[in-house]
Amino acid sequence: MSKYKCKECGCEEFISKPMQYDIFEHREGKLVFIKSETIEDTLELFCRECTEKLLFDSNDIVG
Ligand SMILES: [Zn+2]
């Protein structure tokens, strides 16, 4: 059974959007690492091959 399969290309691997980013600040000609921030957002998944957005039931997310 292939419940989750890209309807465009058939790929069964999906990637999330980057949920974390690093903040750097300009100080005296240098770029200084300040901190990492996590984006609190609803999870979205996209086909690894063609980036088609996957529609999924959040109850099916495991791990
Ligand atoms: Zn695809």
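Going by our numbering, the first residue of the sequence shown is number 295, and it counts up by one from there. All C-beta atoms, glycine included, are put in the ideal place defined by N, C-alpha and C. It should be emphasised that the depicted structure is a prediction, and the values quoted were computed from it without experimental measurement.
Taking DSSP as the reference, what is the three-state secondary structure of residue i?
| i | result |
| --- | --- |
| Asp354 | helix |
| Leu348 | strand |
Name the one or two DSSP bridge partners that residue i has.
| i | result |
| --- | --- |
| Lys324 | Arg321 |
| Ile309 | Phe340 |
| Tyr315 | Glu331 |
Enumerate in chain order the residues of its own chain whose CB-to-CB distance from residue i is below 6 Å, with the five nearest sequence positions on each side excluded.
| i | result |
| --- | --- |
| Cys300 | Cys341, Glu346 |
| Ile309 | Phe340, Arg342 |
If I measure Cβ to Cβ from residue i and keep anything under 8 Å in the same chain, skipping five residues before and after, which residues do I get?
| i | result |
| --- | --- |
| Gln264 | In the structure as shown, the chain starts at 295 and stops at 357, and residue 264 therefore has no counterpart that could be examined. |
| request: Count the C-beta pairs between the region 321-334 and the region 342-349 that are closer than 8 Å, then say yes if the count reaches three, no if not. | output: no
Practice item. Please list, in chain order, all residues with a C-beta atom less than 5 Å from at least one heavy atom of ligand 1. Key: Cys300, Glu302, Cys303, Cys305, Cys341, Glu343, Cys344, Glu346
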